[in-house]
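In our numbering, the protein residues as written are 6 to 197.
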């Protein structure tokens with residue numbers, strides 16, 4: 006059985022991941038120079054990467070499998086880029102010049118925020134934004150609250166169902182944790 010070089014990734018992690026994926030699909034693969042790379046990670050510059058070898062009979066199957074993985078990775082990167090673009094588009098634009106904005110920070114605000122996080126345990130978000138282009142600082146308008154139609158119920162209306170009864174029973178169970186009733190103590194007591 007002869008082995009041929011399938012790929013030559015430059016990073017150790019990419020090569021070992023490729024070998025694991027191929028072995029998981031039942032295609033025997035191994036990495037050349039693996040022990041040299043584990044001995045000194047800087048050797049990969051001298052070695053020219055980490056060659057991944059497969060049996061010559063499995064070469065086409067392995068290439069097809071790696072092409073599928075590459076295609077899925079490309080699709081995933083495209084989806085992530087689309088989501089990043091949507092998030093970037095959701096950020097408010099500058100009211101003066103229409104440019105991109107980012108949350109405004111300065112050194113004093115950073116120190117005070119870190120102090121508040123240390124004391125309270127949760128961050129205090131900043132609502133002020135600053136334009137990247139013109140430097141204008143503003144506070145965006147607040148969001149409109151959800152309507153009862155969007156929520157599907159009236160948030161100001163009365164509580165319906167057995168919510169009150171289930172809340173009372175939950176609270177009584179929580180209060181009785183670790184509490185032993187006097188009758189239970191008397192029943193388990195054995196006298197000589």
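Note that CB positions come from ideal geometry on N, CA and C, so glycine has one too.
Should residue 34 and residue 11 be called a contact, given that it needs their Cβ atoms to be closer than 9 Å? yes
Between the stretch 149 to 168 and the stretch 94 to 112, are three or more C-beta pairs nearer than 8 Å? no
Buried or exposed (CB count within 10 angstroms, at least 16 for buried), residue 28: exposed
Going by the beta-carbon positions, is the gap between residue 150 and residue 132 smaller than 9 Å? no
Any contact between the stretch 41 to 52 and the stretch 62 to 70? By contact I mean 3 or more CB pairs, one from each, below 8 Å. no
Inter-residue Cα distance where the pair is residue 20 and residue 57: 7 Å
Beta strand (DSSP E) segments (min. 3 residues) lying fully within the stretch 127 to 164: 134 to 136
Check residue 55 in the structure and name its three-state DSSP category. coil
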